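Enquirer: Numbering (the working numbering), first residue to last: 4 to 609. Got a structure here, written out as structure tokens. Questions coming.
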DNA sequence: TCGTGACGCACC
DNA sequence: AAACGGTGCGTCACGA
């Protein structure tokens, strides 16, 4: 058997590499003697559901001894590794949302069984400090956490490994994990070290989770399990439609690129070229970015179209349409086509605790950033055969949460009476609903008059008037914001009602209100998600998106599903109902967005 | 040839 | 007195 040594600071680490069947006895004994085991895999990439995806190595560790099983070399070894997972009483994994679906898909293990005995160090780390490294926090990757909690040198070696090794082996970095020899010393050494570090992080982080947040540990693991099940099941792609849309977008791009070319612009994405051309045609009003660079943006292209100069208008429109068509194709449609699995399902990656407020992020199907109120992209996704799409979302979720948290009597009363809060704010200032709405949102975001003007396009005098009226009308919100802001100043953090500790930047204490609202709103959605799960809805969930959950439900039960998802998702918070609305239509997700008046079948308020 | 910063643009 | 919160992704430009 091959053994490697590593020195973690001063402590010797032993890494055992299985090379022949004779080496397995030691591994079996290790599994028998260690009820709690840290687990990790090395794979050929990150796209778990791609045809070419393979598990290369499986690693099992305690604090100082690691077993590396090159499962790629033997079905029997894969089987033994799978069995080790079944035998373990407790698994410690860094980012179980990756490794568990990997072994479920490739070794046929049961997802729920694995999640139920897993502690994810990434979840623990997020509950200790949810900030990214850029924001002054610990980050949540194994490397960043190792650097912060264990040892900087080790972290640097791991972080630099793939780059350095790719260079040494004269291959691209992306190819390293696929092409490196399964017997490569460094590859095996660092594969062996990963679960050692994970195990040690578990020991350290377990003690650091604040007492207020301890109740969230179980909750967050449940949320992760449900979301990983959703991701694992995937969302059915309408491949024929997607391909048609892709060529349509390509045609639009080509047509408009040719127009731009006739004005001397080869690359519509190059700001420098576009600006040169505009100057040539007599347009000198070029926006300047925050860093002082001239740049092309939507406002400029819009201004050209309204300029009254035929050529400039034509050029502005062409550039806008070309770049949009290209972006839509690259970002959405072609990505869906290329990442769909063999059965035609796309698998969103759901990071249940991505943002510092705890908000989720969804990549793969970047569901959170699809064009709003626009059907064509969502028409790529279908409910199952015989099913329809159902979307249930919270109504004015963040504003209701703000009302509940602040207990502002005017806001609470307005919601309880079913009034339109944007109009209530507008009326208090005698301005348009648009100004009222902008002000409501700006305040939730922690902004002031400037935010209302620049973000929501409100006249400055109206913005000033409405902002003032907001403060005078919702005295409870103002008091709540002061309270939170003072707390953040005094102790550097706030604690949300669920017990989540949110560290607030000392130079931005006013952001505490937004942090509390955003984080609590996220908790509302996640609690709803768990109630849905408990009642067996998980197989029908396709995507959670901030304040909304998208389902595929059997057509004959759509009315029941609409009613029941409403009942399960809504919840009362400090006397105010955070209510929902369910909407069902055709088979495609996009059908919820097209022709809303004529085709809508069910719209049920909670 | 890569990784990264800056930017714009999608969203809640 | 005033304060723009949280994300992901594609592209270009630039420097190692």
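Glycine included, every Cβ here is placed at the ideal spot set by N, Cα and C. All values derive from a computational prediction rather than experimental measurement.
Of all the options 292, 328, 182, which has the alpha carbon lying nearest to the alpha carbon of residue 256?
Expert: Residue 328 is the option with its Cα nearest to residue 256.
Enquirer: Determine the DSSP secondary structure at residue 193, reduced to helix, strand or coil.
Expert: Helix, per DSSP.
Enquirer: Sorted by chain position, which residues of the same chain lie with C-beta nearer than 8 Å to residue 10's C-beta, five sequence neighbours on each side aside?
Expert: Answer for residue 10: 16, listed in chain order.
Enquirer: Check whether the stretch 423 to 436 and the stretch 529 to 540 touch, using three or more Cβ-Cβ pairs below 8 Å as the test.
Expert: Judged by Cβ distances under 8 Å, the stretch 423 to 436 makes no contact with the stretch 529 to 540, as fewer than three pairs qualify.
Enquirer: Considering residue 123, what are the terminal residues of the alpha helix (DSSP H) in which it resides?
Expert: Per DSSP, residue 123 belongs to no alpha helix (DSSP H); it is in the beta strand (DSSP E), 121 to 123.
Enquirer: Does residue 6 come out as helix, strand or coil in the three-state DSSP assignment?
Expert: Strand, per DSSP.
Enquirer: Is the number of C-beta pairs between the stretch 167 to 182 and the stretch 454 to 469 that are closer than 8 Å three or more?
Expert: Not touching, per the Cβ criterion.
Enquirer: Please report how far the alpha carbon of residue 492 lies from the alpha carbon of residue 511, in whole angstroms.
Expert: Rounded to whole angstroms, residue 492 to residue 511 spans 9 Å at the Cα level.
Enquirer: Where are the beta strand (DSSP E) runs, 3 residues long or more, that stay fully inside the stretch 442 to 509, in chain order?
Expert: Whole beta strand (DSSP E) segments, 3+ residues: 496 to 498, 504 to 506.
Enquirer: Could you tell me the distance, in whole angstroms, from the CA atom of residue 54 to the CA atom of residue 82?
Expert: Using only the alpha carbons, I get a separation of about 21 Å.
Enquirer: Which word fits residue 224, buried or exposed, when buried means at least 16 other C-beta atoms lie within 10 angstroms of its C-beta?
Expert: When all chains shown are included, residue 224 counts as buried.
Enquirer: Is it the case that the stretch 73 to 80 contacts the stretch 88 to 105, given that we only count it when at least three CB pairs across the two stretches are under 8 Å?
Expert: Taking 8 Å as the limit for Cβ pairs, the verdict is that the stretch 73 to 80 does not touch the stretch 88 to 105.
Enquirer: For the stretch 361 to 437, list the alpha helix (DSSP H) runs that are entirely contained and at least 4 residues long, ordered along the chain.
Expert: Taking only runs of at least 4 residues, the alpha helix (DSSP H) segments lying wholly in the stretch 361 to 437 are 378 to 381, 400 to 409, 412 to 419, 424 to 432.
Enquirer: Going by Cα to Cα distance, which pick from 495, 447, 459 is closest to residue 477?
Expert: Comparing Cα-Cα distances from residue 477 to each of 495, 447, 459, the minimum goes to 447.
Enquirer: With DSSP as the reference, label residue 323 as helix, strand or coil.
Expert: Helix at residue 323.
Enquirer: For residue 577 and residue 452, what's the separation of their Cα atoms in angstroms?
Expert: For residue 577 and residue 452, the distance between alpha carbons rounds to 30 Å.
Enquirer: Below 6 Å CB to CB, which residues in the same chain sit around residue 70 once its five sequence neighbours on both sides are set aside?
Expert: Only 19, 30, 33, 63 meet the Cβ criterion.
Enquirer: Would you tell me roughly how many angstroms separate the C-alpha atoms of residue 517 and residue 251, rounded to the nearest one?
Expert: Roughly 41 Å between the two C-alpha positions.
Enquirer: Alpha carbons only, please: which of 368, 293, 317, 361 is nearest the one belonging to residue 333?
Expert: Checking every option, the nearest Cα to that of residue 333 belongs to 368.
Enquirer: Determine, using beta carbons only, whether residue 393 and residue 556 come nearer to each other than 8 Å.
Expert: It is a contact, given that the beta carbons lie within the stated cut-off.
Enquirer: Exposed or buried, residue 90, counting other C-beta atoms within 10 Å across all chains shown (16 or more means buried)?
Expert: Exposed, because fewer than 16 other Cβ atoms sit within 10 Å of the Cβ of residue 90.
Enquirer: Which word fits residue 324, buried or exposed, when buried means at least 16 other C-beta atoms lie within 10 angstroms of its C-beta?
Expert: Buried.
Enquirer: What alpha helix (DSSP H) runs, 4 residues minimum, are completely inside the stretch 94 to 139?
Expert: As far as the stretch 94 to 139 is concerned, its whole alpha helix (DSSP H) runs of at least 4 residues are 99 to 110, 114 to 119, 124 to 131.
Enquirer: Output the distance between the C-alpha atoms of residue 606 and residue 568, rounded to the nearest integer angstrom.
Expert: Low per-residue confidence applies at residue 606: pLDDT is 48, beneath 50, and the placement is therefore not dependable, though the value from the model is reported in the following sentence. If you take the alpha carbons of residue 606 and residue 568, they lie about 12 Å apart.
Enquirer: Is the distance from the Cβ of residue 123 to the Cβ of residue 86 below 8 Å?
Expert: The answer is no: Cβ separation not under 8 Å.
Enquirer: Do you know how far the Cα of residue 185 is from the Cα of residue 7?
Expert: Cα to Cα, the separation comes out at about 15 Å.
Enquirer: In chain order, what residues of the same chain lie with their CB nearer than 7 Å to the CB of residue 12, ignoring the 5 residues before and after it?
Expert: Taken in chain order, the residues that qualify are 154.
Enquirer: Which same chain residues end up closer than 7 Å to residue 370 when comparing Cβ atoms and leaving out the 5 residues on each side of it in sequence?
Expert: Correct list, in chain order: 351, 546, 548.
Enquirer: Could you tell me which of 564, 249, 524 sits nearest to residue 575, measuring between CA atoms?
Expert: That would be 524, whose Cα lies nearest to the Cα of residue 575.
Enquirer: In angstroms, rounded to a whole number, what distance separates the CA positions of residue 458 and residue 449?
Expert: About 13 Å.
Enquirer: Give the secondary structure of residue 274 by DSSP, where H, G and I count as helix, E and B as strand, and everything else as coil.
Expert: DSSP places residue 274 in helix when its eight states are reduced to three.
Enquirer: Could you pull the start and end residues of the beta strand (DSSP E) that residue 556 belongs to?
Expert: From DSSP, the beta strand (DSSP E) with residue 556 extends over 551 to 557.
Enquirer: Say whether the stretch 233 to 253 touches the stretch 337 to 348, bearing in mind that this needs 3 or more beta-carbon pairs closer than 8 Å, one atom from each stretch.
Expert: These segments touch.
Enquirer: Quick check on residue 43: does DSSP put it in helix, strand or coil?
Expert: Residue state, collapsed to three classes: strand.
Enquirer: Using 8 Å as the threshold, is the stretch 267 to 278 in touch with the stretch 291 to 303, meaning 3 or more CB pairs across them?
Expert: Output reads yes: the stretch 291 to 303 touches the stretch 267 to 278.
Enquirer: Using beta-carbon positions only, say whether residue 197 and residue 43 come within less than 8 Å of one another.
Expert: Taking 8 Å as the Cβ cut-off, residue 197 and residue 43 qualify as a contacting pair.
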